[in-house]
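Engineer: First residue of the sequence shown? That's 334 in this note's numbering, and the numbers climb one at a time after it. Ideal Cβ positions, reconstructed from N, Cα and C, are used throughout, including at glycine.
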Amino acid sequence: MLSAVAARAADPDDRQVGTIRIAQFNAALTRGGVGVLLGDIAKRDAQVVAAAEIILRVAPDVLLINELDRDGEGAALAAFADLLAEGAGGQPGIRYAHVLQPVSNTGRPSGLDIDGDGTALGPADAWGFGAFPGQYAMAVLSRLPLGPARTWRRFRWAAMPGALRPVLPDGKPLHDEATWAALRLSSKTHLAVPVMLADGDEITLIAAHPTPPVFDGPADRNGRRNHDEIRLLAAILDDAPWLIDDDGRPGGIDAAAPVIVAGDLNADPSDGDARRGALEKLLSHPRLGDPMPTSTGGVAAAAADGGANARHRGDPAQDTADWRDSPAPGNLRVDYVLPDSRLTVTGSGVFWPAEGEPGAALTERRGREHAASDHRLVWVDIAIDAVGGAAH
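Below, the structure is given as structure tokens:
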């Protein structure tokens with residue numbers, strides 16, 4: 334069973350031998366136009382370098398980055414991997430020899446009038462909100478080899494049993510039948526990729542970045558989509574027979590396979606605007622454990638920021654996002670690394686140092702600007718010898 338980890342902020346340097354470190358970071362490596370991110374990486378933009386320094390300070394073996402713009406040639410991802418290999422902020426470099434960036438629904442034209450404004454153009458009419466194809470995409474960087482990936486990018490929302498179809502207050506569906514039948518559920522993609530360990534064992538990383546449950550109207554389209562995108566993660570874990578991946582293969586991940594679920598889920602278990610039912614079921618899923626990573630900086634920030642934070646029910650030590658405090662939503666826990674319940678967790682944390690601690694400047698906020706990102710990197714250490722045992 335997944336071992337308990339003390340509810341305290343862990344130092345990423347206190348790493349045990351014989352472990353693998355998995356991290357998730359919404360690094361805000363997204364820009365307003367095609368090629369802009371690549372240019373910013375090339376000129377060593379301060380925000381890019383700060384994001385890289387955070388990664389290097391934590392030094393994960395496997396890293397899921399959310400919000401790293403994807404281009405057709407993979408140039409931005411390759412350039413960022415080169416920056417990490419070079420080093421940043423005085424931190425030694427790490428070479429991630431294995432990288433993956435699946436196609437994203439964001440910014441990809443649907444040909445449909447999804448937002449109901451009378452045209453089929455614009456970021457809100459893409460399969461996933463975005464100004465250009467690949468904006469807000471995800472990527473996996475790994476020191477360890479990666480196996481063949483599966484994605485559920487094209488899975489239709491209407492194909493999910495019990496889908497929360499957006500409905501207006503008068504009871505009328507937001508979309509006509511043809512549009513509803515065509516809509517894709519995943520706002521970016523849902524991804525499963527095996528990570529190959531040196532002893533021949535493997536662990537499957539399952540990743541997603543559901544749409545934020547805000548920025549919509551009375552039909553709560555984004556709130557419902559966020560809920561069902563999280564449900565899709567559970568369906569992958571359950572090997573649901575109604576699932577069909579992008580290669581036409583049915584089902585999800587076999588129960589024998591050790592897994593890690595990671596992502597910026599844009600949902601907090603206690604606070605904020607998300608519909609919490611799907612997240613609660615995911616966090617209590619029998620295949621998963623929740624180490625509840627913490628930080629000292631999250632506690633200090635909630636106390637200093639005030640506003641909505643004073644009304645929150647959740648533990649601020651577990652917060653992973655530093656958002657507007659007045660009137661809402663305040664700081665929330667929305668970023669997760671959830672290991673298989675059969676694995677042994679030896680450490681976990683949220684990279685959010687308090688003032689005076691190493692790296693604190695990397696999470697500073699000045700007005701609406703953040704040194705690196707409005708999200709915090711989350712990491713979990715797993716005992717390698719437990720992975721093989723979980724598979725039997």
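Which whole runs of the alpha helix (DSSP H) in the region 535-575 are 4 residues long or more, in chain order?
Structural biologist: Complete alpha helix (DSSP H) runs here, min 4: 554-570.
Engineer: Give me the Cα-Cα distance between Pro442 and Leu362, rounded to the nearest whole angstrom.
Structural biologist: Mapped onto the sequence shown, residue 442 falls at position 109. Mapped onto the sequence shown, residue 362 falls at position 29. Looking at the two C-alpha atoms, the distance is approximately 22 angstroms.
Engineer: Would you identify the three-state DSSP class for Gly680, choosing helix, strand or coil?
Structural biologist: Within the sequence shown, the letter at position 347 stands for residue 680. Strand.
Engineer: Using a Cβ-Cβ cutoff of less than 8 angstroms, which residues in the same chain neighbour Leu401 once the five nearest sequence positions on both sides are dropped?
Structural biologist: Indexing the sequence shown from 1 puts residue 401 at position 68. Excluding residues within five positions, the ones whose Cβ falls inside 8 angstroms are Ala360, Leu362, Thr363, Leu370, Ala409, Leu410, Phe413, Gln434, Ala470, Met471, Ala472.
Engineer: Is DSSP giving Asp394 helix, strand or coil here?
Structural biologist: On the sequence shown, position 61 is the one that residue 394 refers to. DSSP places Asp394 in coil when its eight states are reduced to three.
Engineer: Write down the C-beta distance between Ile447 and Pro393 rounded to the nearest angstrom, noting that I regard them as a contact closer than 8 angstroms.
Structural biologist: Here residue 447 refers to the residue found at position 114 of the sequence shown. Here residue 393 refers to the residue found at position 60 of the sequence shown. So it is not a contact: roughly 36 angstroms between Cβ atoms.
Engineer: In the DSSP assignment, find the unbroken beta strand (DSSP E) run with Ile577 in it and report its ends.
Structural biologist: In the sequence shown, residue 577 corresponds to position 244, counting from 1. Taken as a continuous stretch (DSSP letters only), Ile577 belongs to no beta strand (DSSP E), as it is neither H nor E.
Engineer: Considering only residues of the same chain and omitting the five flanking positions on each side of Gly426, which have a CB-CB separation below 8 angstroms?
Structural biologist: Along the sequence shown, one-based indexing puts residue 426 at 93. Cβ neighbours of Gly426 beyond the five flanking positions: Leu389, Leu417, Ala418, Glu419, Gly420.
Engineer: Measure how close the beta-carbons of Pro543 and Asn599 come, nearest whole angstrom, since I'm counting them as under 8 angstroms.
Structural biologist: In the sequence shown, counting from the first residue as 1, residue 543 sits at position 210. In the sequence shown, counting from the first residue as 1, residue 599 sits at position 266. Sure, about 5 angstroms apart at Cβ, within 8 angstroms.
Engineer: Could you say which of Leu497, His508, Gly581, Gly721 lies nearest to Gly449 if we only look at CA atoms?
Structural biologist: On the sequence shown, position 116 is the one that residue 449 refers to. It is His508.
Engineer: So, for Val338: in the same chain, excluding its five sequence neighbours on each side, which residues have a beta-carbon less than 6 angstroms away from its beta-carbon?
Structural biologist: Translated into the one-based positions of the sequence shown, residue 338 becomes position 5. Since pLDDT at Val338 reaches only 42, below the 50 mark, its modelled position is unreliable, and the value read off the structure follows with that caveat. Closer than 6 angstroms at the Cβ level, and outside the excluded window around Val338, lie Pro624, Val678, Ser681.
Engineer: For Leu501, collect the residues of the same chain with a Cβ closer than 7 angstroms to its Cβ; drop the 5 residues on either side in sequence, then sort them by chain order.
Structural biologist: Reading the sequence shown from its first residue, position 168 is the one you call residue 501. Only Leu507, Pro551, Ala552 meet the Cβ criterion.
Engineer: Just the Cα atoms here: how many angstroms apart are Ala294 and Pro574?
Structural biologist: There is no way to answer for residue 294, as the model of the chain reaches only from 334 to 725.
Engineer: Grab the span of the alpha helix (DSSP H) containing Asp638 for me, first residue to last.
Structural biologist: Working through the sequence shown from its first residue, we reach residue 638 at position 305. Residues 629-638.
Engineer: Let me know if Asp347 comes out buried or exposed under the rule of 16 or more other beta-carbons within 10 Å of its beta-carbon.
Structural biologist: The residue you call residue 347 lines up with position 14 of the sequence shown. With fewer than 16 Cβ atoms within 10 Å of its Cβ, Asp347 is classed as exposed.
Engineer: For Gly596, report the span of its beta strand (DSSP E) as first-last.
Structural biologist: The sequence position of residue 596 within the sequence shown is 263, counting from 1. Note, Gly596: beta strand (DSSP E), 592-597.
Engineer: Pro452 by DSSP, collapsed to three states: which one?
Structural biologist: Here residue 452 corresponds to residue number 119 of the sequence shown, with the count starting at 1. Note that residue 452 is Thr in the sequence shown, not Pro. Here Thr452 sits in coil by DSSP.
Engineer: Specify the secondary structure class of Gln380 as computed by DSSP and reduced to three states.
Structural biologist: The count along the sequence shown starts at 1 and reaches residue 380 at position 47. Here Gln380 sits in helix by DSSP.
Engineer: Excluding sequence positions up to five away, which residues of its chain have a Cβ less than 6 angstroms from the Cβ of Pro456?
Structural biologist: By 1-based counting over the sequence shown, the position of residue 456 is 123. Excluding residues within five positions, the ones whose Cβ falls inside 6 angstroms are Phe462, Gly463, Ala464.
Engineer: Between Arg476, Leu524, Glu386, Leu710, which has its C-alpha nearest Ala531's C-alpha?
Structural biologist: Working through the sequence shown from its first residue, we reach residue 531 at position 198. Nearest of Arg476, Leu524, Glu386, Leu710 to Ala531, Cα basis: Arg476.
Engineer: Reducing DSSP to helix, strand and coil, say where Gly721 ends up.
Structural biologist: For this step, residue 721 is matched to residue 388 along the sequence shown. Gly721: helix per DSSP, three-state reduction.
Engineer: Within 10 angstroms of its Cβ, does Gln349 collect 16 or more other Cβ (buried), or is it exposed?
Structural biologist: Locating residue 349 in the sequence shown gives position 16, counting from the first residue. Exposed, by the Cβ-count rule.
Engineer: Locate the beta strand (DSSP E) running through Leu710, then write down its first and last residues.
Structural biologist: Counting from one through the sequence shown, the residue named residue 710 turns up at place 377. Where Leu710 is concerned, there is no enclosing beta strand (DSSP E), given that its DSSP letter is neither H nor E.
Engineer: By a C-beta neighbour count over all protein chains shown, 10 Å radius and 16 as the cutoff for buried, is Lys614 buried or exposed?
Structural biologist: Position 281 of the sequence shown, counted from the start, is the residue given in the question as residue 614. With fewer than 16 other Cβ atoms within 10 Å, it is exposed.
Engineer: Rounded to whole angstroms, what is the Cα-Cα separation between Ala375 and Ala637?
Structural biologist: Translated into positions along the sequence shown, residue 375 becomes position 42. Translated into positions along the sequence shown, residue 637 becomes position 304. About 36 angstroms.
Engineer: From Ser336 to Asp458, what distance separates their C-alpha atoms?
Structural biologist: Start at 1 with the first residue of the sequence shown, and residue 336 comes out as number 3. Start at 1 with the first residue of the sequence shown, and residue 458 comes out as number 125. The predicted position of Ser336 is uncertain, since its pLDDT is 44 and thus under 50; a value taken from the coordinates is nonetheless stated next. Going from the Cα of Ser336 to the Cα of Asp458 covers about 45 angstroms.
Engineer: Quick one: using the 10 Å Cβ neighbour count with 16 as the cut-off for buried, is Val528 buried or exposed?
Structural biologist: Indexing the sequence shown from 1 puts residue 528 at position 195. Buried, since its Cβ has 16 or more Cβ neighbours within 10 Å.
Engineer: Taking the alpha carbon of Leu695 as the reference point, which residue from Ala641, Asp344, Val381, Ala590 has its own alpha carbon closest?
Structural biologist: Start at 1 with the first residue of the sequence shown, and residue 695 comes out as number 362. Considering only alpha carbons, the answer is Val381.
Engineer: Between the Cα of Ala716 and the Cα atoms of Thr352, Asp572, Glu562, Ala343, which residue gives the shortest distance?
Structural biologist: Residue numbering aside, residue 716 sits at position 383 when the sequence shown is read from its first letter. Of Thr352, Asp572, Glu562, Ala343, the residue nearest in Cα terms is Thr352.
Engineer: Would a C-beta distance cut-off of 8 angstroms place Gly631 and Asp604 closer than the cut-off?
Structural biologist: Here residue 631 corresponds to residue number 298 of the sequence shown, with the count starting at 1. Here residue 604 corresponds to residue number 271 of the sequence shown, with the count starting at 1. Their beta carbons are not under 8 angstroms apart, which means Gly631 does not touch Asp604 by this criterion.
Engineer: On the three-state DSSP scale, how would you describe Gly351?
Structural biologist: To locate residue 351, count along the sequence shown from 1; it is residue 18. Looking at Gly351 - three-state DSSP - the assignment turns out to be coil, as it is neither helix nor strand.
Engineer: Using a 10 Å radius around the Cβ and a threshold of 16 neighbouring Cβ atoms, would you call Glu535 buried or exposed?
Structural biologist: Taking the sequence shown and counting its residues from 1, one reaches residue 535 at position 202. Looking at its Cβ environment, which holds 16 or more other Cβ atoms inside 10 Å, Glu535 is buried.
Engineer: Along the alpha helix (DSSP H) that carries Val369, what are the first and last residues, could you check?
Structural biologist: In the sequence shown, residue 369 corresponds to position 36, counting from 1. That run of the alpha helix (DSSP H) goes 369-375.
Engineer: Taking 8 angstroms as the cut-off, does the region 545-564 touch the region 493-500 (at least 3 CB pairs, one atom from each stretch)?
Structural biologist: Short answer: they touch.
Engineer: Measure the Cβ-Cβ separation of Leu518 and Phe488 and say whether it is below 8 angstroms.
Structural biologist: The residue given as residue 518 occupies position 185 in the sequence shown. The residue given as residue 488 occupies position 155 in the sequence shown. Result yes, Cβ atoms of Leu518 and Phe488 sit closer than 8 angstroms.
Engineer: Among all the DSSP beta bridges, which residues are the ones paired with Asp325?
Structural biologist: Residue 325 lies beyond the stretch modelled for the chain, which goes from 334 to 725, so this question has no answer here.
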